[in-house]
Every structure is written in C-alpha cells, then in structure tokens.
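Counting the sequence shown from 1 gives a position; the working numbering is that position plus 9. A virtual CB, placed ideally from N, CA and C, is assigned to each residue, including glycine.
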Amino acid sequence: MKKTIFIAASLLLAASTTFAAKMTMPADAPASYEAECASCHMAYPPALLSEQSWKNVMSSLSKHFGTDASVDAKTQTEITSWLIKNAATRQKYSETAPENRITKTTWFIRKHDEVRPDVWKRAGIKSPANCGACHIDAAKGVFSENNIKIPAK
10 MKKTIFIAAS LLLAASTTFA AKMTMPADAP ASYEAECASC HMAYPPALLS
60 EQSWKNVMSS LSKHFGTDAS VDAKTQTEIT SWLIKNAATR QKYSETAPEN
110 RITKTTWFIR KHDEVRPDVW KRAGIKSPAN CGACHIDAAK GVFSENNIKI
160 PAK
C-alpha cells in the first residue's frame, strides 16, 4: 500500500512539473497575434495569464507598458477572443496579474525566487519578461528548469 501511494504521489508531482514546464502555443493562434504581439516581444502562451488579465492587457493597448500598441478594432477583437479562450484555467495561474504583468504573478515570483535582482539587469536579459534570455525553448512554450542557460553578462 505504501508503495502504491508513493508511486501515485510521484506521478502527480511529475505531471505538475511537466505542466509548469510546458505551455505550448495553441495551434489556432491567429496570425495577427504573431504579427502584432511578437513584433515587440515574445508571443507569450495565453495560459500564462488569466482571462481577466488578458482582458485588462487588451483593453489598455494604447498604454501597453509604456508603448502605444494599439491595433484596429477587428484585430483587437480577434486577439482578445483567442487569448481569453486559451487563458489559464489552472488555479495557480488564474490569478489576476498585478499590473497585468506575468512577472508580478505569485507563481512567477515563486518560480524565480532564487534569481538575484542584479541578474535581471544583465545586458543579455534586461528584464524578467524576457523569458527567451534564459529559457532556451521559451518561444516553443517550454520553460523547463532543466533547459536554462542564464547569460553571464
């Protein structure tokens, strides 16, 4: 019986780690998401934020983290609908992000708590939002702790 419980617990832990490490981009991503959003930063997998957080982000594009990222109404509706449809559903990812920032969410802070503040300031990183600087396969939605390379400078 103890062996069965141990195996079950191990499988749950492995599944949880796998989910956290891989958030692939849904296959139905509209071309406008890549064209508009990924032209300035990584096209974040929609499961990294809650439905409400994506609504907040998309309703304030004229003041998008210090930049005017406004798009036409049709494009805004298309991207918003897709983001909401694919937003986080798991409880640990579904909080409304403070300041609408992935990097301010509880789970992000917990996952990166060992990263010293000076590391984020390195020229090769510049910001906690630059996932691809350390997560080699971030563009594929893979954030595995086993596949990280932190720039030295």
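Going by DSSP, Arg119 is part of the alpha helix (DSSP H) stretching over Thr115 to Lys120.
DSSP places Ile93 in the uninterrupted alpha helix (DSSP H) bounded by Ala82 to Lys94. If you compare the alpha carbons of Ser41, Lys149, Lys72 and Ile145 with that of Glu108, the shortest gap goes to Lys72. Ranking Glu43, Leu57 and Ile93 by CA distance to the CA of Cys140 puts Leu57 first.
DSSP places Val128 in the helix class (H, G or I) of the three-state scheme. In the DSSP assignment, Ile157 forms a beta bridge with His144.
Look at Thr98 here: in three-state DSSP terms it is coil, with no helix or strand label. For Tyr53, same chain residues with a beta-carbon under 7 Å away, outside a window of 5 residues either side, are Ile111 in chain order. His73 has Thr76 as its beta-bridge partners, per DSSP.
Membership of Ser62 in the alpha helix (DSSP H) is indicated by the continuous run Glu60 to Met67. Straight-line spacing of the CA atoms in Lys120 and Met67 works out to 26 Å.
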